[in-house]
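At position 19 of the sequence shown the residue is numbered 24 (the working numbering), and the sequence of numbers has no breaks.
Positions of the beta carbon are idealized from the N, C-alpha and C atoms, including for glycine.
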Amino acid sequence: MVQGSANLNMELTEKWLQDYVDNWVSFFKKQTVEGEVASYIPVLAAADREALGISIIGKNGGTIKSGTIESKFTIQSISKILTFIVACMERGLSYVLNRVDVEPTGEAFNSIMHLEMTQPKKPFNPLVNSGALTISSMLEGNTSDQKLETLFILLEKIIGYRPEINVEAYESERDTSMRNRAIGYYLLEEGYLESDLGITLETYFKQCSIDVTIDDLARIGLVLSNDGLDPDTEEEIIPRKVTRLAKALMLTCGMYDASGKFAAYVGIPAKSGVSGGIMAVVPPRVREEEFPFLEGCGIGVYGPALDNQGNSMAGIKLLRHIANQWDLSLF
Ligand code: DON
Numbered sequence: 006m007v008q009g010s011a012n013l014n015m016e017l018t019e020k021w022l023q024d025y026v027d028n029w030v031s032f033f034k035k036q037t038v039e040g041e042v043a044s045y046i047p048v049l050a051a052a053d054r055e056a057l058g059i060s061i062i063g064k065n066g067g068t069i070k071s072g073t074i075e076s077k078f079t080i081q082s083i084s085k086i087l088t089f090i091v092a093c094m095e096r097g098l099s100y101v102l103n104r105v106d107v108e109p110t111g112e113a114f115n116s117i118m119h120l121e122m123t124q125p126k127k128p129f130n131p132l133v134n135s136g137a138l139t140i141s142s143m144l145e146g147n148t149s150d151q152k153l154e155t156l157f158i159l160l161e162k163i164i165g166y167r168p169e170i171n172v173e174a175y176e177s178e179r180d181t182s183m184r185n186r187a188i189g190y191y192l193l194e195e196g197y198l199e200s201d202l203g204i205t206l207e208t209y210f211k212q213c214s215i216d217v218t219i220d221d222l223a224r225i226g227l228v229l230s231n232d233g234l235d236p237d238t239e240e241e242i243i244p245r246k247v248t249r250l251a252k253a254l255m256l257t258c259g260m261y262d263a264s265g266k267f268a269a270y271v272g273i274p275a276k277s278g279v280s281g282g283i284m285a286v287v288p289p290r291v292r293e294e295e296f297p298f299l300e301g302c303g304i305g306v307y308g309p310a311l312d313n314q315g316n317s318m319a320g321i322k323l324l325r326h327i328a329n330q331w332d333l334s335l336f
């Protein structure tokens, strides 16, 4: 359904816009068979491989939703951009950037090759696991719940309710994640962890296990699109300079070793998660193109069938199509 379309800049009926997106979702849903649902975190294997949904929420109040729109799923790596924002707000940008860089690795999200191949062995960016664990370790608080409290406060401001941790997903990753333990020990040895490794891993597994919907992801994207300001009240939720850096990191690192192609062919900041979520940011437009959200919008996508880079296969194809149809690219 498309609500609040009174301000939609295009002279299009609500139904016409909705039909557009419904048709696109139906088309790309057929391609979910080419992807695989994540199973290295056992609980994720239960996801419906054919699910595909999108929620677009505009600053003008317009919304378009289609496909699998009610499902809750774990936020996974999308949480990394949020903990980065929280760390910058708690500790200051220079403190965080002294410990984690802002460079893409071109590697898988859970690789540590870049740590071993460079000096100093500083994590390249906060969106790969090595950087995210470093960020989780520096969040204020002594326990994982204390460390995540500011994240939950931030999320409640953005999505309008306090989300919950999916305990089954948390325990599933906690009990199987050898790779993150290996990365954690490496960071500990190199002096990048500021908390006990056990607390750091617990914090990270819990943040990745927060349950969200595509509406929630769209609302997060909308706040980032609105330069960190509440889209309704214009109250500052995230400082402008932190918001700017977060969007730059999403554009260059948000889709891991598919970030270059996503920037080239979609052209907007986005962050993926291994349960099939994508959170994307469409800034306000400067061109009078045929685009129904001139004042910007956030997009949430869910499609658990993943490609080889651990990103939602149909979700990326759907976003690429919409980017072409509505000229979303920043460039
Ligand atoms: O650390 C992990 O492997 C997961 N908790 C998150 C990985 C993830 O979401 C990668 N994104 N596509």
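| message | If you measure between the beta carbons of Y25 and R104, is that distance less than 8 Å? | response | Going by C-beta atoms, Y25 is not nearer than 8 Å to R104.
| message | Taking 6 Å as the limit between beta carbons, can you name the residues of its chain near V306, skipping five residues before and five after? | response | Excluding positions up to five away in sequence, the list reads I59, I283, G320.
| On the three-state DSSP scale, how would you describe T218? | T218 falls in the coil class under three-state DSSP.
| query | How is the alpha helix (DSSP H) around I188 delimited, first residue to last? | reply | 183 to 194 is the span of the alpha helix (DSSP H), which, as asked, contains I188.
| Top-ranked residue by Cα proximity to K74, from S142, I62, V101 | The sequence as given places Ile at residue 74; Lys does not occur at that position. The shortest C-alpha separation from I74 is found at I62.
| task | Measure how close the beta-carbons of W21 and H326 come, nearest whole angstrom, since I'm counting them as under 8 Å. | result | Not quite, the Cβ-Cβ distance comes to about 17 Å (not below 8 Å), so this is no contact.
| query | On the three-state DSSP scale, how would you describe V271? | reply | DSSP places V271 in coil when its eight states are reduced to three.
| said: For V217 and S71, what's the separation of their Cα atoms in angstroms? | reply: Take the alpha-carbon of V217 and the one of S71: they are about 16 Å apart.
| task | Would you check whether the ligand DON has a heavy atom nearer than 7 Å to the C-beta of Q23? | result | Because no heavy atom of the ligand DON lies under 7 Å away, the Cβ of Q23 does not count as near it: no.
| Does the region 122 to 130 come close enough to the region 166 to 177 to have 3 or more Cβ pairs within less than 8 Å? | These segments do not touch.
| query | In terms of alpha-carbon separation, which member of E300, G233, R184 lies closest to F210? | reply | The shortest Cα separation from F210 among E300, G233, R184 belongs to R184.
| query | What number of angstroms, rounded off, separates the C-alpha of S230 from the C-alpha of Q23? | reply | The alpha-carbon of S230 is positioned some 22 Å away from that of Q23.
| task | Find out if the Cβ-Cβ distance for the pair I242, G303 is shorter than 8 Å. | result | Inclusion of I242 and G303 in the CB contact set at 8 Å is not warranted, their separation being larger than that value.
| query | Straight-line CA distance for L323 to G146? | reply | Straight-line spacing of the CA atoms in L323 and G146 works out to 40 Å.
| message | For S82, tell me which candidate among G40, Q330, V228, Q314 has the shortest Cα-Cα distance. | response | Minimum Cα distance to S82 is reached at Q314.
| request: Could you tell me how far apart the beta carbons of S43 and L311 are, in whole angstroms, since I believe they sit closer than 8 Å? | output: Here residue 43 turns out to be Ala, not Ser, going by the sequence shown. Separation of the CB atoms of A43 and L311 is rounded to 6 Å, and the pair is thereby assigned contact status at 8 Å.
| said: Once the 5 residues before and after P128 are set aside, which same chain residues still bring their CB inside 6 Å of it? | reply: The residues are V105, S135, G136, T139.
| Contact set for D221: own chain, Cβ-Cβ below 6 Å, skip 5 residues either direction | Taken in chain order, the residues that qualify are I164.
| Can you give the Cα-Cα distance for L202 and T208, rounded to whole angstroms? | Between L202 and T208, the C-alpha separation is close to 10 Å.
| query | Taking DSSP as the reference, what is the three-state secondary structure of S334? | reply | It is coil, neither helix nor strand.
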